[in-house]
Amino acid sequence: MPESAPPAEPDPAPAAAWATVTYPRQFRTHQRQALDAIDTAVASGARRAWVVLPPGAGKTLVGLEAARRVGRPIVAFGPNTAIQGQWLAAWREFTPAALPAGTARDLSAPVTALTYQSLANFDPDAEVDEDGRAHLPKAGGKRRGGLRDRLHDNGRALVEALENAGPVTLVLDECHHLLEVWGRLLAELLEDLPQAHVIGLTGTPPDTLTAEQSRLVDELFGSPLYSTSIPSVVREGNLAPFAELAWFTEPTPTESQWLAAQAERFAELRTDLLEADTEFLPWLDRRFVSRPVSGLGAESPAVAWSRVERDEPERAAAALRFHHAGLLALPPGAALREEHRVEPTADDWVALLGEYLTARLLPSSDPDDQAVVEKIRAALPSVGYQLTKRGIRRGRSPVDRVLARSEAKTDAAAEIMAAESDALGSRLRGLVLCDHERASATLPARLRGVLDAEAGSARLVLSNLLADPRTAALEPVLITGRAVAADAGTARKLVAFVAEHAPEIELDEILPDAVGAVDVTGQWSSRRWVPLVTRFYETGAAQVLVGTRALLGEGWDARGVNTLVDLTTATTPTAVVQTRGRALRVDPEWPEKVANTWTVVCVSEEHPGGAGDWHRFVRKHHGYFAVTDNGEIASGVGHVDPWLSPYAPPPASTFADENEAMCARAQNRARVRELWQVGTPYRDELVHTIRVIPTSQARRTAPREPEPGAPQPPSWVSAREAARRPWPDLGAGPAPPRRGLAALATAVALIVGAVGVVAGLWWLPVAMAAVPAAAWWRWVSALRAASLAAGRELAALADGPDPLAFGYAVADAMQDLGLSERGADAVSGVVEADGSYTIALNGVDMETSRRFTTALDEVFAPLTAPRWVIARFVTDPLPDDDAVRAAGLAWLRRTAEPNAIVYHAVPAGFSSSSARVNAFVHAWNRWVSTGLATMMTGPVAESILATHRGADPFAATTALRIDWS
């Protein structure tokens, strides 16, 4: 291979020249804070730094200004030509224009903008395959050979130019690409440039990196100097408010029929395994319920469940879902959480079958066992697995491909755009993002006739939009790295637009008789057509663009985008943040802009693996924050709809109602903007929350906002008999009215009457009779009033404590023990329209808020095998005034019947010592009920568990979430 020519010697600008160049406008709040952090690091001698700013927050300006302040030649790398152009355009805003910028690889300009492909090629389109599965290189993957051995000629020449340039400042834009694609190549490059300052910029939050990526970024940059979130930038008014929405669909009838047929074999296998004469369920019982220690026999002590969950999390979760389905007893020591209260999935069955095969069936020579092995082998491909010599392995799943590329999803895109057009009219600027322009793989033989050959492609989306008169009127245009296409009429308008705005570009004529979708061809490439088609779109000549995530999902800016439909299958945090960032730019033409981001989700109830697309949807929203319909800024699918669980999709029977509700929310953009509270203060902190959903309608209350001021303990709490004052008073109850005055009046009247009889004053006894009568009447009236008042106090306790009371008790106990700086005064609770509660402990660090919600979740959970339990007394409902008076009278007379009793688990965090248990008991008696804690050992504990194990003490389900504030 011939040697490359030496690069031209750069002509670095003197340090004084950098000091004369300034950015003419004021930096935003987050930009100033990021620059201050970088300045501090550079002043302390640091040469490497990275900051996290969401798409649209102004990373480019931060990078240029930070590098300018260093006073050395700047070399900025970005992932694509669109971002490369942004760097050049941003530098042209600096004044005076004394230091030019360029793209030459010889680094002859003071500011050079390049792409990462200058050093190494990668294809963002290859992150997912046709089945929607991720294919990412390992971040830290070692390869044989040195850096230059792996670079093409131009890449090696660029490295030499960097080495010869002297001290430079490298700015690595969207540096998450380095982690996903280059791996250790970047580390090797920087080793060759020890004098370089390196500034990394990314929109991907550091807490979403994998462990391997985190290790590499720590080695390259250390901890991020500055990080802010999308919600904080929205609150500042520098990103548009937005709503995350979903459109739920089932596969088409043809697809559903195929899925049902595929499910039959696996359904037969499950039926066979559950028959009484098979060993599968008894084996599960031994493995997860009795679970003797290996090698010590059946009579040995059970392995601790905490160890099972730690060592085998997937199998442990599968076993608990089997318990929820009634197929397995509750393993001792286990507690059902939200993720376990769903039906077992195909993956759960496979997780348990895998060990059953290797431990029980494969070693067996019994012909019946081998017959079961063959049934399993035959059934596994229908759920995307294969039985190999090394056990069960995941294979290519045609089922997941059908769900990911279902024609119903492209139909849904048309429905969404039609609904958004109805709401926005000519203001609509829609964007549909797909993984591929065309299906790149040949359709498997078994899917022919089931899926269109172009299923899931941008080409098919364009075809569907043009086939629907409602969306054809929006004049959609397809734009990818390889082609531009549109309806012939729209294409003619685009050709004319290009001729007017870029007359040097020669495009082919669209033939007069051409109809339907046509490609716009000629002497242009994506570098030219992307900005031109974008301008065409922003004028409103085309109201919808259809493109690929590789081209438009990152670095492409069109401020008018207000509706994004995500049909992609990539679920990495980077892909999610960048894709959604396309719609979040503030639009100067519409200051009140609110963006709607739609994810289309296809779910099949015909197949045990029919939730694959749902779980992709869950992964996309995990760690991504958006506003809920009650104003919370929450992570996860709960911000789409609070009733959605990350562990199972909603029933298909609810899809129509869900979609209708989503469309209604989409149309009310003004409410979404109001919920975001743009311009109001924020802390930019994360807090764990718990959502409590009472299963009893009686427990559900009307929506309400939290009451101002610190909460006050209740006047009374339930007790063994009636009620008592809360701890530390624990008074027995109200005193009945005294009858001494009536008795005294009676005695006086008798004496005076007797005197009158003796004295012959017959009228005196008659007159005196009225005195005790009146006194006794007043006493009876006072007793009735006191009975009614006392009865009403008891009636108020009949519905049980407000869910917030349990939160107050947990928070106060934590504060009393020094586990939290704040107590009940920091507990917030919002009652939703559906009667559910969202509870959080505010003003504490994230770990403390996590401990709080975990403990509260344990309090509400059904009893399993806690170390300690605490009693809560339950007051019977009082149906009418007579019952209220009777109960009150019995309470006053201390003759009340004992109340029913339920038991709650003392949270594990309070069970480690008697001091902690006592602190929890005191807080419980203050806010919830009288009652003592009982250690679960001995006959009393056995009796409690025998009658209460598995019982739901509060009739509520819970969901743990993370919110932003």
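Just so we're aligned, residue 277 is where the sequence shown starts under our numbering, counting upward by one.
Beta carbons are placed, not taken as given, at the ideal position from N, Cα and C, and that holds for glycine.
### Message
I need the straight-line Cα distance from residue 532 to residue 509, nearest angstrom please.
### Response
Cα atoms of residue 532 and residue 509: separation of roughly 43 angstroms, rounded to the nearest angstrom.
### Query
What residue does the beta strand (DSSP E) around residue 1242 start on, and which one ends it?
Residue 1242 falls outside the range modelled here, since the chain spans only 277 to 1241, and no answer is possible.
### Message
Given 6 angstroms as the limit, tell me if residue 1223 has its C-beta closer than that to any heavy atom belonging to the ligand GDP.
### Response
With respect to the ligand GDP, the structure offers nothing, as it holds no ligand at all.
### Query
With a Cβ-Cβ cutoff of 7 angstroms, do residue 1093 and residue 1195 count as a contact?
When the beta-carbon positions are compared, residue 1093 and residue 1195 come within less than 7 angstroms of each other.
### Query
At what residue ranges does the stretch 489 to 558 contain a whole run of the beta strand (DSSP E), taking only runs of 3 or more?
The qualifying runs are 518 to 525.
### Query
Are there 16 or more other CB atoms within 10 angstroms of the CB of residue 1125, so buried, or fewer, so exposed?
Burial is judged here by how many other beta carbons sit within 10 angstroms of a residue's own beta carbon; residue 1125 has at least 16 and is buried.
### Task
Could you check what DSSP says for residue 953 in three-state terms: helix, strand or coil?
In the structure shown, residue 953 adopts coil according to DSSP, grouped into three states.
### Query
Can you list, in chain order, the residues of its chain whose CB lies under 7 angstroms from that of residue 1278, leaving out five sequence neighbours each side?
Because the chain spans 277 through 1241 in this model, residue 1278 falls outside it and cannot be assessed.
### Task
Figure out for me which residue from 1187, 515 and 617 has the closest Cα to the Cα of residue 860.
Per the C-alpha coordinates, the member of 1187, 515 and 617 positioned closest to residue 860 is 515.
#### Entry: Proximity below 7 angstroms, CB of residue 684 to CB of residue 878
Residue 878 sits close to residue 684, with the two beta carbons spaced by under 7 angstroms.
### Query
By the 10 Å Cβ neighbour count, where 16 or more other Cβ atoms means buried, how is residue 1180 classified, buried or exposed?
The residue in question, residue 1180, is buried, as its Cβ has 16 or more Cβ neighbours within 10 Å.
### Message
Taking contact to mean 3 or more Cβ pairs, one atom from each stretch, closer than 8 angstroms, check whether the stretch 498 to 505 and the stretch 864 to 874 are in contact.
### Response
Cβ pair count under 8 angstroms is below three, so no.
### Message
I want to know whether the stretch 638 to 646 touches the stretch 534 to 549 - three or more CB-CB distances under 8 angstroms.
### Response
Not touching, per the Cβ criterion.
### Message
Can you check which of these residues, 506, 959 and 714, is closest to residue 823 by C-alpha distance?
### Response
Here the closest residue by C-alpha is 714.
#### Entry: Run of the beta strand (DSSP E) containing residue 842, from where it starts to where it stops
Looking at the DSSP string, the run of the beta strand (DSSP E) that includes residue 842 is 839 to 842.
### Query
Since residue 357 is in the alpha helix (DSSP H), which residue starts that stretch and which ends it?
Taken as a continuous stretch (DSSP letters only), the alpha helix (DSSP H) holding residue 357 covers 357 to 367.
### Whether residue 898 touches residue 1129 by CB criterion (7 angstroms)
With respect to the 7 angstroms criterion, residue 898 and residue 1129 are not classified as neighbours on the basis of their beta carbons.
### Selection from 711, 749 and 1005 that minimises the alpha carbon distance to residue 732
The option with the nearest alpha carbon to residue 732 is 711.
### Query
Does DSSP put residue 410 in a helix, a strand or coil?
Note that residue 410 scores a pLDDT of 45, beneath 50, so its modelled location is shaky and nothing firm can be said.
### Task
Taking the CB atoms as reference points, tell me whether residue 353 and residue 383 lie closer together than 7 angstroms.
No. Outside cutoff.
### Query
Leaving out the 5 sequence neighbours to the left and right, which residues in its chain are closer than 6 angstroms to residue 324 when beta-carbon positions are compared?
These residues qualify, in order along the chain: 474 and 497.
#### Entry: Backbone CA spacing between residue 728 and residue 812 [nearest angstrom]
Cα to Cα, residue 728 sits roughly 31 angstroms from residue 812.
#### Entry: Assigned exposure category for residue 665 - 16 Cβ within 10 Å defines buried
Its Cβ having fewer than 16 others within 10 Å, residue 665 is exposed.
### Task
Alpha carbon to alpha carbon, how far is residue 608 from residue 565? Give it in angstroms, no decimals.
If you draw a straight line from the Cα of residue 565 to the Cα of residue 608, it is about 7 angstroms long.
### Message
On the CB-based measure, 16 or more other CB atoms within 10 Å of its CB, does residue 430 come out buried or exposed?
### Response
It counts as exposed.
### Query
Which of helix, strand or coil does DSSP assign to residue 1203?
Helix at residue 1203.
#### Entry: Close Cβ partners of residue 1081 (< 6 angstroms) along its chain, the five nearest in sequence each way excluded
The answer, listed in chain order, is 1203 and 1204.
### Message
On the CB-based measure, 16 or more other CB atoms within 10 Å of its CB, does residue 400 come out buried or exposed?
### Response
For residue 400, the predicted model reports a pLDDT of 40, less than 50, meaning its position is unreliable; a value from the coordinates is still stated below. Per the 10 Å Cβ criterion, buried.
### Query
How would you call residue 307, buried or exposed, if buried means at least 16 neighbouring beta carbons within 10 angstroms?
Classification for residue 307: buried.
### Message
Does the stretch 475 to 483 come into contact with the stretch 442 to 449, if we say contact requires no fewer than three beta-carbon pairs (one atom in each stretch) closer than 8 angstroms?
### Response
Flag = yes, the stretch 475 to 483 and the stretch 442 to 449 touch.
### Message
On the CB-based measure, 16 or more other CB atoms within 10 Å of its CB, does residue 922 come out buried or exposed?
### Response
The residue in question, residue 922, is buried, as its Cβ has 16 or more Cβ neighbours within 10 Å.
### Task
Counting only the same chain and skipping the five closest in sequence on each side, list residues whose C-beta sits under 7 angstroms from that of residue 1240.
Closer than 7 angstroms at the Cβ level, and outside the excluded window around residue 1240, lie 505, 507, 901, 909 and 962.
### Task
Compute the distance between the beta-carbons of residue 739 and residue 1238, then report whether it is under 7 angstroms.
Taking a C-beta distance under 7 angstroms as the contact criterion, residue 739 and residue 1238 do not qualify as a contact pair.
### Query
For the candidate residues 1189, 905 and 691, whose alpha-carbon lies nearest to that of residue 944?
That would be 905, whose Cα lies nearest to the Cα of residue 944.
### Message
Whole angstroms are fine: how far does the CA of residue 380 sit from the CA of residue 441?
### Response
Approximately 13 angstroms, taken between the alpha carbons.
### Identity of the residue in 1188, 1158, 1235 and 1219 nearest residue 915 by Cα
Checking every option, the nearest Cα to that of residue 915 belongs to 1235.
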